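Positions in the sequence shown are counted from 1; adding 1 to them yields this note's numbering.
The structure appears right after this line, and notes come after that.
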Amino acid sequence: MSQKKGLFGWFGRKSESKTTEQAQKTNESKADITQTQSEDNAVASEVVEKTASTTQVQTEQNNESAPQTEQAIEQVVEVEPAAKVVSEPEPEPQVLAQPEPQQKPKKGLFARLKASLTRTKASIGSGLFSLFKGKKIDDELYEDLETQLLMADVGIETTMKIIDQVTESAEKKQLKEAESLYTVVKDQMQYILQEVEQPLAFDKAKGPFVMLMVGVNGVGKTTTIGKLAKQYQQQGKSVMLAAGDTFRAAAVEQLQVWGQRNDIAVVAQHTGADSASVIFDAYESAKSKNVDILIADTAGRLQNKSHLMEELKKIVRVMKKIDPEAPHEIMLVVDATTGQNAISQAKLFGEAVGLTGISLTKLDGTAKGGVIFAIADKFKVPIRYIGVGEGIDDLRPFAANDFIDALFAQEESEQAE
2 MSQKKGLFGW FGRKSESKTT EQAQKTNESK ADITQTQSED NAVASEVVEK
52 TASTTQVQTE QNNESAPQTE QAIEQVVEVE PAAKVVSEPE PEPQVLAQPE
102 PQQKPKKGLF ARLKASLTRT KASIGSGLFS LFKGKKIDDE LYEDLETQLL
152 MADVGIETTM KIIDQVTESA EKKQLKEAES LYTVVKDQMQ YILQEVEQPL
202 AFDKAKGPFV MLMVGVNGVG KTTTIGKLAK QYQQQGKSVM LAAGDTFRAA
252 AVEQLQVWGQ RNDIAVVAQH TGADSASVIF DAYESAKSKN VDILIADTAG
302 RLQNKSHLME ELKKIVRVMK KIDPEAPHEI MLVVDATTGQ NAISQAKLFG
352 EAVGLTGISL TKLDGTAKGG VIFAIADKFK VPIRYIGVGE GIDDLRPFAA
402 NDFIDALFAQ EESEQAE
């Protein structure tokens with residue numbers, strides 16, 4: 002018995018065995034030609050012969066395979082028109098891609114602020130709400146309140162001040178239920194922040210408004226400068242940057258990138274140059290070009306390194322020789338994730354050069370955001386900006402009421418419990 006051949010080989014064998022002898026004689030030359038053709042042409046001729054003689058030459062053994070063969074052929078033939086139909090829905094991705102960006106602005110500034118304070122809110126806002134819920138006012142409750150505030154890095158002095166005033170208010174109002182203390186605590190903490198809410202005002206009467214940015218390494222000082230420069234530029238002000246951090250080549254390069262990106266002039270010198278000299282040159286250039294705001298970067302320095310703090314004092318002295326009012330703003334940049342260490346930074350930088358403003362960065366990545374209350378209560382220095390994200394707009398002017406509302410905002414699920 003001969004070996005079973007493939008689908009197309011079976012067609013050739015059947016046509017040779019089942020056709021009449023007369024057809025074999027007359028088609029010998031045609032069969033010879035067919036065998037010498039390429040595989041694709043042989044398939045086409047065999048399909049034609051099969052469809053023409055299938056009713057006469059089929060055997061009982063092949064009754065099942067013939068319909069399958071026809072179906073296979075029909076499927077092969079039907080693939081081509083199907084491919085043309087697939088191209089019709091191609092424009093759909095262009096329609097679907099448009100609604101995506103339109104959904105992003107739905108999250109307003111307050112919603113973004115509330116979302117960025119989630120970790121701090123868990124200790125202060127939601128944490129206090131859970132602490133007071135369903136309890137009576139007693140000494141144990143006040144101890145729990147003290148612990149909660151300290152865990153949020155509000156600080157010992159500020160925490161005791163809040164508890165004393167809350168206790169006094171509860172006695173005057175003869176409050177019995179702990180839940181009523183929630184509003185009292187919120188109001189007291191809001192008052193602490195309202196005392197340091199003072200937006201930065203620019204006065205360019207005699208020359209450029211000079212901002213001297215100070216702080217330790219790693220707090221986001223250079224990034225804050227870049228974001229402020231972009232925001233001021235968007236407000237229609239001309240800006241110039243001074244690369245006063247001459248100890249790190251990377252700091253100069255980073256500032257130059259911000260300048261190139263926003264078409265802002267950057268005055269810089271070689272690594273290791275005198276910082277006071279760089280800032281002096283920048284001031285002269287800004288004054289000659291009638292620039293509105295000059296923002297000067299300085300080298301990051303530890304607050305406990307006296308020789309580095311002396312260098313910072315030198316920069317301030319040099320600037321005051323040029324303009325007795327300069328620098329018009331000495332802004333300390335503080336990383337909120339450092340917690341109570343930020344208190345030490347504010348204290349020593351304030352003693353060295355005197356601070357007129359504070360920017361608190363990285364509030365979105367920490368549960369220690371309560372340090373803002375300690376800084377505000379202890380130093381009374383205006384908090385100019387808070388950083389709550391990576392975007393340029395996420396460095397925002399500090400607004401005490403918005404901050405407190407976001408921190409103490411209760412979700413519907415929390416209120417229903």
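From the three backbone atoms N, C-alpha and C, an ideal C-beta is built for every residue, glycine too.
None of these values were measured; they are calculated from a predicted model.
How close, in whole Å, do the beta carbons of G371 and L150 come, if the pair is a contact with beta carbons under 8 Å? Contact between G371 and L150 holds, since their C-beta atoms are separated by about 7 Å, short of 8 Å.
Tell me the start and end of each unbroken beta strand (DSSP E) in the stretch 347 to 388 that is at least 3 residues and wholly inside, in chain order. If we require 3 residues or more, the beta strand (DSSP E) runs fully inside the stretch 347 to 388 come out as 358 to 362 and 384 to 388.
Considering only DSSP beta bridges, list what E330 is partnered with. Its beta-bridge partners are M212.
Considering only DSSP beta bridges, list what I125 is partnered with. Its beta-bridge partners do not exist; DSSP assigns none.
Which residues does DSSP list as the beta-bridge partners of A407? Here A407 is not bridged, per DSSP, to any residue.
So does the stretch 160 to 180 actually touch the stretch 288 to 308, counting three or more Cβ pairs closer than 8 Å? Result no; under three Cβ-Cβ pairs closer than 8 Å.
Spatially closest choice to D264 from A244, S239 and H271, by CA coordinates: When each option's Cα is compared against that of D264, the closest is S239.
For L114 and A407, which I take to be in contact (beta-carbon distance under 8 Å), what is that distance rounded to the nearest angstrom? Indeed they touch by this definition, with Cβ atoms about 4 Å apart.
Enumerate in chain order the residues of its own chain whose CB-to-CB distance from K136 is below 7 Å, with the five nearest sequence positions on each side excluded. Counting only Cβ-Cβ distances below 7 Å, and skipping sequence neighbours, we find L142 and A179.
Nearest-angstrom Cα separation, counted from V317 out to E504: Residue coverage of the chain in this structure runs from 2 to 418, which leaves residue 504 outside it and unanswerable.
Closest residue to Q427 among L364, I294, L129 and V185 (Cα-Cα distance): Any property of residue 427 remains undetermined from this structure, which presents the chain solely from 2 to 418.
Can you tell me the Cα-Cα spacing of V334 and E196, whole angstroms? Each residue's alpha carbon lies about 19 Å from the other.
Taking only runs of the alpha helix (DSSP H) that begin and end inside the stretch 227 to 308, which ones reach a length of at least 4 residues, in chain order? Complete alpha helix (DSSP H) runs here, min 4: 250 to 263 and 276 to 289.
Cβ-Cβ separation, I405 to Q191 (assumed contact under 8 Å), whole Å: Indeed they touch by this definition, with Cβ atoms about 4 Å apart.
Quick check on K306: buried or exposed, where buried means 16 or more other Cβ atoms within 10 Å of its Cβ? Under this definition K306 is an exposed residue.
Could you give the distance in angstroms between the alpha-carbon of L396 and the alpha-carbon of L364? Cα to Cα, L396 sits roughly 10 Å from L364.
Look at A287 and P398 and say whether their C-beta atoms are less than 7 Å apart. Taking a C-beta distance under 7 Å as the contact criterion, A287 and P398 do not qualify as a contact pair.
Burial state of V49 (16 or more Cβ within 10 Å): Its pLDDT being 39, under 50, V49 is placed unreliably by the model, and nothing is read from it.
V317 - DSSP class collapsed to helix/strand/coil: Helix, per DSSP.
Less than 8 Å between the CB atoms is what I'm expecting for K332 and I359, so what's the real figure, rounded? A small correction: the amino acid at residue 332 is Met; Lys does not occupy that position in the sequence shown. For a cut-off of 8 Å, the C-beta gap from M332 to I359 is around 7 Å, short enough to register as a contact.
Does the separation of the CB atoms of I280 and G245 fall below 7 Å? Yes, Cβ-Cβ distance for I280 and G245 is below 7 Å.
Indicate whether T362 and G221 have their beta-carbon atoms separated by less than 7 Å. The answer is yes: Cβ separation under 7 Å.
K207 - DSSP class collapsed to helix/strand/coil: Coil.
Endpoints, beta strand (DSSP E) assigned at L396: Start and end: L396 to P398.
By a C-beta neighbour count over all protein chains shown, 10 Å radius and 16 as the cutoff for buried, is V253 buried or exposed? Label assigned to V253: buried.
Residue range of the unbroken alpha helix (DSSP H) whose run includes E180: Unbroken run through E180: none, as it is neither H nor E.
Checking 7 Å against the spacing of the C-beta atoms, do A153 and S131 come in under that value? No.
Classify K122 as buried or exposed, calling it buried when 16 or more other Cβ atoms lie within 10 Å of its own Cβ. K122 is buried by the Cβ-count criterion.
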